[in-house]
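To start, the structure under review is shown below, and the notes come after it.
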Amino acid sequence: MTTQVVRPRAALPGRVSLPRQLNSEWIKLRSLRSTWWGLGATAVITVLIGWLVCLAQAHQFHNHERAAGPDGGFAIHIIPNAAQLSLTGIHLSQLIIGTLGALVVTGEYSTRMILATLSATPRRLPVLAAKGLVFGAMAIVVCEIANVIAFQVGQAALKSTHQQASWSTIGSVRAVFGAGLYLVLIGLFGVGLGFVLRSTAAAISTLMGLVLVLPLIATALPQPYDTDIGKFLPMLAGTQIIVTPYRDPDFLTPWIGLGVLALWVAAALAAGAWVLHRRDA
Amino acid sequence: MIEANGLVKRYGAKTAVDDLSFTVQPGVVTGFLGPNGSGKSTTMRMLLGLDHPNEGHSSINGKRHVEMRAPLREVGALLEAKAVHTGRTARNHLLALAVSNGIPTKRVDEVLGLVGLDQVARKRAGGFSLGMGQRLGIAAALLGDPPTLLLDEPVNGLDPEGIRWVRQLLQALAAEGRTIFVSSHLMSEMALTASEIIVVGRGKLITSGSVADLLRRASGGSVLVRTRAAERLAAALRDAGAAVDCPDADELHVDGVDSEAVGAIAAREGVALIELTTRQASLEDAFMELTGETVEYHGSTKVRG
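Top line first, the protein sequences correspond to chains A and B. If you want the numbering used here, it's the 1-based position in the first sequence plus 1124. If you want the numbering used here, it's the 1-based position in the second sequence plus 758.
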C-alpha cells in the first residue's frame, strides 16, 4: 500500500481548435502515399482521356475530309461540342477521386486510427468538417488544374479541324471549372459514404452503385420516367455542367444539375455526421 | 482522478458492462483486472467517450472527455495496439495528433526518444512489430504530458525488457502524482506493477482495493499442517475456535488461527508435526478464486474427452 502523499498534477494549457484540426488532417493526408497516387491518377486520367477522345475526333475529321475529296463539302465531320469532348475524362477519373474520398475516412476505421483521432479530438462533427474541408481543398486544386490542362491539350488536338473551342466560346469556362467542381463533389460523396459505412469495400461499392448503376436502371424505365427520374440521379444531374453548347431539354440545366448533385453529397455528409455523432467509435 | 458511476453498456441482449462503479486515485498505479471479455476495454472506451454508455456516467478529473479543451493534455490513452494508419510514419502519426491539441513539434521527438522509437521515427508504422506498435501507442499517450493515463493491455506483445520498462515507467509516472489506470488479464504482471486493483468479471465489479489486501483476503490466513495425528490435532484446533478442513489423512487446512497458534496447540497436545506452513495465495490464485465463475471462455486441459 502506498502511503506517500503526492500532489495530483494539473493539465498543461492549450486547446483544440478548428485551424489546429485542419492542420492535423492536412498532415494526415499529405503523409499517406495513397493521397498522392490518388490525386495524381485523377489528374492524369482526366487529361489523358480528354486528349485521346479529341485526337480520335480529329482523326475522324481528316478521314472524312480525305474521302470527300477537295470539293466535297457534304461529308464534313462536325464537332459541335469541342469543349465537352476534352473534359470526357471525368467519367473515369470520378471513380478514382470518389475512391480516394472514401479511403480518407475508411482508412482510419480499418486501421483503428479513428480511436486515436477521437481520443485527441472528441467533438465529432469538427472531425468530419476538418476531413471534408482539407480533402475538398486538395481535390479542388488538383481537379481544376487537371481540367484546365485537359481543355488546353484537347483543343490543341482539335486545332487542325478548325472546330476547336476557346476560352471565349460560350460555355467553355463554365464547363471546364464545373468539371473540376463535379470531381470534387464526387470525392466528397465518397467522404460522406465513408463516414456512414466505415468499410472501404461498402463505401466504394455504394458510391459506384449510386453514380454508375442507378442511371443504367433508370434507362430501363418506360418513357417518360426514364428521364424524369434519371435527370435527378447524381451523375446525370452533375455532368450537365460540362455539356456544351447545345443541351438536351430533357435534362437539368448545368448549374441546377450540379446543385442537385451537391444535394446528394450534402445528404451523404449529413448522414455521415449523424452516424459519427450517434454511433460508438 | 477517474470516477465511474453505474456504467452500463449493452450490445443487443448481451450486457458487456453491468452497473460498474469505481474510483481511480492519483499517485498510484491502479490495475484493472479481469478475464477476457469481462468488459475492461469497453469500460475504458466509455471513459474516453468513444462508446456511449446505456446508463451511468464517468468523469476524468471532474470532466467528461468531450468537454476537455485539449484532451491529449488531460488524458493520454492507449486503447488498441497498432491503432495507427499503417501507411503513415511513426513521426507523422504523432505529429498529426500533437498539432490538433496545440502540442509543439519538439514534444513529438521527445516522446519518440522516450519510448525508444527515434531510430524508426520515419519508417511506416505498417511494418512495426506488435511491441513497436505498443511503444508508439504509449508515445501517443504521453504526447500531452497528461496527468491521467489510460492504458489497455500495454505490455501485450512486449519482450521481457519492454515489460519491465513499462512497469518502471508507469510507477515513475504515478510517483509524479499522475493517475495511472492500466488494464490487464495477466495477474502476475499486475502484482508487480499495480498497488491498487479493480477486479471485474462479466462486466460487474468483483472487488477493489489494494493488492496487499486482496492477497490477504484471498489467502484467508490459511495454515497447512501435516501430521500423523491429524484427527487429534483437528479436534484440539476446533476447540480453539479454528475452522479445520481435512483433505487428506495426514493433512489439515486451518482457518481462523495463525501458524504460531497452531504450533502452540500442537505442542500442548504433544502432537509431532511434519509440516507447518502459512499458505500465501498468489495474486493469480486470488484472481481465479474471485473470477472463477465469471470467466466467459473456458479452455480445457483435457486432450481427449
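Each residue gets a CB set at the ideal place from its N, CA and C atoms; glycine is no exception. Owing to the predicted nature of the structure, the values given are computational and were not obtained by experimental measurement.
Reduced DSSP secondary structure (H/G/I, E/B, other) of residue i
i       : result
B:G874  : coil
B:A774  : strand
B:K864  : helix
A:R1236 : coil
A:V1140 : coil
B:H810  : coil
A:A1135 : coil
A:L1385 : helix
B:Y817  : The question names Tyr, yet the displayed sequence has Ser at residue 817 of chain B. Strand at B:S817.
B:V969  : helix
B:T985  : strand
B:P1005 : strand
A:F1375 : coil
A:A1405 : coil
B:A828  : coil
B:N859  : coil
B:G1021 : helix
Contacts around residue i, its chain only, beta-carbon distance under 7 Å, and the 5 residues preceding and following it disregarded
i       : result
A:F1356 : V1384
A:A1386 : L1309
A:V1258 : L1146, E1149, W1150 and L1153
B:P912  : L836, Q892, I896, V924 and V940
Other residues of its chain near residue i: CB distance less than 8 Å, five sequence neighbours each side excluded
i       : result
B:K821  : E832
B:D1008 : R984, T985, R986, A988 and I1032
A:G1231 : L1156, S1158, M1237 and T1324
A:V1297 : W1291
B:Q929  : V787 and T951
A:A1135 : none
B:A998  : V1015, A1019 and I1023
A:P1440 : A query on residue 1440 of chain A cannot be resolved here, the shown segment of chain A reaching from 1125 to 1405 and no further.
Beta carbon of residue i nearer than 8 Å to that of residue j
i       : j       : result
A:T1170 : A:A1270 : yes
A:V1140 : B:R827  : yes
A:A1254 : A:L1146 : yes
B:V869  : B:L901  : yes
A:I1328 : A:A1206 : no
B:A994  : B:E1027 : yes
B:A952  : B:V924  : no
B:V873  : B:R893  : yes
B:L805  : B:S816  : yes
B:L909  : A:I1151 : no
A:I1366 : A:Q1181 : no
A:V1266 : A:L1153 : no
A:G1213 : A:I1173 : yes
A:V1335 : A:P1369 : no
B:C1004 : B:A992  : yes
B:G797  : B:V766  : no
B:T800  : B:A771  : no
A:I1220 : A:A1303 : no
A:I1410 : A:Q1287 : What the structure shows of chain A is the stretch from 1125 to 1405, and residue 1410 of chain A is not part of that stretch, so it cannot be assessed.
B:P905  : B:N819  : yes
B:R936  : B:P784  : yes
A:A1395 : A:V1320 : yes
Rounded distance between the beta-carbons of residue j and residue i, thought under 8 Å
i       : j       : result
A:A1392 : A:G1316 : 3 Å
A:I1310 : A:G1222 : 5 Å
B:L837  : B:L855  : The pair is not a contact, with the Cβ atoms about 13 Å apart (cut-off 8 Å).
B:P793  : B:H943  : 6 Å
B:V824  : B:A848  : About 28 Å separates the two Cβ atoms, so there is no contact after all.
B:A933  : B:G895  : With a Cβ gap of about 22 Å, B:A933 and B:G895 do not count as contacting.
B:A743  : B:L931  : Past the boundaries of the shown model lies residue 743 of chain B; chain B is included only from 759 to 1063, so the question cannot be answered.
Burial state of residue i (16 or more Cβ within 10 Å)
i       : result
B:S858  : buried
A:T1235 : buried
A:Q1347 : exposed
A:G1278 : buried
A:C1178 : buried
B:G1063 : Because the pLDDT at B:G1063 is just 46, under 50, the model does not fix this residue reliably, and the value given afterwards should be weighed accordingly. The residue is exposed, with fewer than 16 neighbouring Cβ atoms inside 10 Å.
B:L916  : buried
A:W1398 : exposed
B:E919  : exposed
B:R960  : buried
A:W1161 : exposed
A:L1142 : exposed
Contact set for residue i: own chain, Cβ-Cβ below 6 Å, skip 5 residues either direction
i       : result
B:I956  : F780, F790 and S966
A:Q1364 : F1375, L1376, P1378 and G1381
A:F1185 : H1201 and T1285
B:V1017 : Checking the sequence shown, residue 1017 of chain B turns out to be Ser, not Val. So the qualifying residues of the chain are V981, L1034 and T1036.
A:L1089 : A question about residue 1089 of chain A goes unanswered here, because the residues of chain A that appear run from 1125 up to 1405.
B:V1015 : A1000
B:L888  : A839 and G915
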